[in-house]
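Data block below; observations after.
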Amino acid sequence: MAQLKSQIALKKLLKDYFIGMKSPIAWCTSAGPAEILRALGFEVYFPENHGALLGASRTAEKYIPRAHQEGYDGEICSYLTADIGAWLMKETPLTKIYGLESIPTPDLIVFNTNQCREVAEWFNFFGREYDCPVVGIFPPRYLEEITQAEIDNVVSQFKGLIEVGEKIIGKPLDPEKLSETVRLSFEGSQLWKEVLETASHSPSPLTFFDGCILMAPIVVLRGTQICLDFYKEALVELKELVAQNEGAIPKEKVRIYWEGMPVWGRLRSLSEFFAENQTSVVASTYCNSWVFDHFDPDNPMESMAYAYTQIFINRGENTKLEMMKDIMEKFEVDGVVFHDSKTCFNNANSRFGLPKRVEESTGIDTVSFDGDLVDLRFFSEGQTRTKLETFIEQLKYDK
Ligand code: SF4
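Taking my numbering as reference, the numbering of the sequence shown is continuous, increasing by one, and the terminal residue is 400.
This is the structure we're talking about:
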C-alpha cells in the first residue's frame, strides 16, 4: 500500500508543533475548549495524543504496569495508565522522536468530561504532580436532544475557565481573538470533513487507518492556520486520487464502517489485513468526532458549548444510532465492525444492543471484536483475524 504524501508532510508539521511548544502551555482534552485556551494566549498540549503515541510506538506495555503499582486499575483507560506510567518512569517517546527531554510542562490543565470521567482522574493526577491549576468542564452527559439550558450550563463553566486563564496569562481574553480562533476551528473542521468524505468515492483514496494518522492536526492544532493549510494540501492529493480512480485498496470489494477506538499498536497490521482481504475501512465514528459543524465565530461561546456537547460519545443511544446511520448511508458501507475496547467502555458501543439495532434498522451486518486502544493484553491478533475474515467472506458472498 502506498503511503499518502500528506502523511510525510505531517511528520514535519508535528515536529514543529512539539519542538516549538513554549510556555505558557495549557493541557487540554481532545474535545475540550482549545479555542478559549489559544485565544487567551496558551499553546495547547493534548495528553490523549501522547497516549496514542505510547500505543502506536508500542511502549505502553512497559509503562502501564507502573501505573498499576500506583493504584490505577488494569481495566481503566489505558491512555491514562500508559501516560501516568511513562511519567512515573520519567520517559516519553517524544525524546526518541523529537529529542525532547520530557512532555511539556503545564501552566494550566483543562479537561472536559464530555467524553468520560476518566479524564478528570488523569488530569488531576498531573495537577497534583505539577502543582498546577486544574479546571474541569462537566457538561450534561448522554443527551438525546440538547436544550438551551444545557448550553447555558456549559457556557457558564467556560466563563469560569476564562477567569482562571486570564489570571494566569495576566490579561483579559480578547473577544475578537476568540472569534477568530473559532473561525479557524470551524474552517479546519470543515476541511477535515471534506478529507474524510473523499472516502465516499469507490474505490476510496484513504482508509480509517490513514485517517487515524491524518487526524492529528484537527486534534492538536485545531484553531490555527497551520491546520487549515495542512488539510487544504491533503485535499488536493486526495481529490487527485479520486479523479484518477486510485484507491487505497486498489481492488476494493467490501466497504466497512469502523465503530470505536483504533487499536493504536496494531494500526499497520490491521490496515494490511483489510487490504489483503480487498476491504476498505471507509468510515468511522472516531475520525468523524472532530467534525464540528456548529462552530460560529459570531457566537463563539454558545456555539462551542453546543459543538463540544453534541459529540457522539456524549449522546444517548437513539441519537448514536441516527448518527451512525447517516454516516453509513453517506459512505455506502457493506458492514460494520465494532471494536469493544476493554479499557474504554465510554467509546465501546457494542455493549447495549446498538449492533442489533443497527442491523435491524439498516439491514447491514455487524461484527464485534475484543481489543483495546493501547493495552494489547486485551487484543488477540489471531482470533480477531479469524473473526473478521469470516465476516468479510460473508459480506462478499452476500454482495
Ligand atoms: S474516552 Fe476512553 S480512551 Fe478516551 S480518555 Fe476517556 S476512557 Fe480514555
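Glycine included, every Cβ here is placed at the ideal spot set by N, Cα and C.
Sub-7 Å separation of residue i and residue j beta-carbons
| i | j | result |
| --- | --- | --- |
| L109 | A35 | no |
| A83 | V375 | yes |
| C78 | T344 | yes |
| G401 | I170 | A question about residue 401 goes unanswered here, because the residues of the chain that appear run from 2 up to 400. |
| S201 | K331 | yes |
| Y99 | F19 | yes |
| N113 | T30 | yes |
| L239 | G189 | no |
| W259 | F209 | yes |
| V221 | N50 | yes |
| T286 | I393 | no |
| P298 | R184 | yes |
| F296 | F187 | yes |
| A284 | I328 | yes |
| I257 | V237 | no |
| L54 | P94 | yes |
Exposed unless 16 or more other CB atoms sit within 10 angstroms - verdict on residue i
| i | result |
| --- | --- |
| K16 | exposed |
| Y80 | buried |
| K12 | exposed |
| G72 | exposed |
| G52 | buried |
| T148 | exposed |
| T225 | buried |
| D211 | buried |
| E247 | exposed |
| E119 | buried |
| S157 | exposed |
| T96 | exposed |
| A150 | exposed |
| P66 | exposed |
| I138 | buried |
| S103 | exposed |
| R378 | exposed |
| P176 | exposed |
Identity of the residue in the options nearest residue i by Cα
| i | options | result |
| --- | --- | --- |
| A306 | I152, C213 and V196 | I152 |
| I250 | L11, W265 and S205 | S205 |
| R129 | P298, I85, E62 and D366 | I85 |
| T182 | F370, R39 and M302 | R39 |
| F127 | C117, P105 and F139 | P105 |
| S369 | W291, S362, R378 and E390 | E390 |
| S403 | I314, L242, F209 and D299 | Outside the modelled stretch of the chain, which goes from 2 to 400, sits residue 403, for which no answer is possible. |
| L396 | G364, D371 and P66 | G364 |
| K388 | P218, P140 and H340 | H340 |
| A276 | D399, E44, E361 and L207 | L207 |
| G372 | Y64, S351, V283 and S362 | S351 |
| S381 | S270, R316, E92 and L14 | S270 |
| Y46 | Y64, P176, N154 and K23 | K23 |
| N319 | T280, L144 and V111 | L144 |
| V111 | Q4, F231 and I37 | I37 |
| M302 | S7, K6 and G33 | G33 |
| Q116 | P141, H295 and R378 | P141 |
| Q245 | I219, S203, I257 and E273 | S203 |
| M324 | E146, Y398 and K254 | E146 |
| L89 | E360, E234, K254 and Q70 | Q70 |
| Q191 | P218, E177 and P176 | P218 |
| C213 | M262, N300 and V135 | M262 |
| D304 | L179, L14 and V237 | The question names Asp, yet the displayed sequence has Ser at residue 304. Cα-wise, what sits closest to S304 is L179. |
| A398 | K6, Y64, I328 and K254 | Here the sequence assigns Tyr to residue 398, which means Ala is not the residue at that position. Closest option to Y398, Cα to Cα, is K254. |
| N154 | P94, Y309, L377 and P107 | Y309 |
| F274 | E76, L101, G383 and V136 | G383 |
| L14 | G317, M216, L377 and A87 | M216 |
| S21 | T367, L101, P48 and K400 | First, the amino acid is wrong: residue 21 is Gly here, not Ser. Of T367, L101, P48 and K400, the residue nearest in Cα terms is L101. |
| Q4 | K326, A235, D366 and I227 | A235 |
| S362 | K326, R378, A349 and S342 | K326 |
| S272 | S7, G75, R386 and L242 | R386 |
| K91 | N300, Y64, D74 and E76 | Y64 |
Any non-hydrogen atom of ligand 2 within 6 Å of residue i CB
| i | result |
| --- | --- |
| Q311 | For the structure depicted, ligand 2 is absent and the ligand set comprises only ligand 1. |
* Asked: How do the stretch 162-176 and the stretch 322-341 stand: do at least 3 beta-carbon pairs fall below 8 Å, yes or no?
  -> Three or more beta-carbon pairs separated by less than 8 Å are not found between the stretch 162-176 and the stretch 322-341, which leaves the two stretches without contact.
* Meets three-Cβ-pair contact criterion under 8 Å: the stretch 264-278 and the stretch 350-361 -> Cβ pair count under 8 Å is below three, so no.
* Asked: With a cut-off of 8 Å, do at least 3 Cβ pairs link the stretch 182-202 to the stretch 57-76?
  -> Touching, no.
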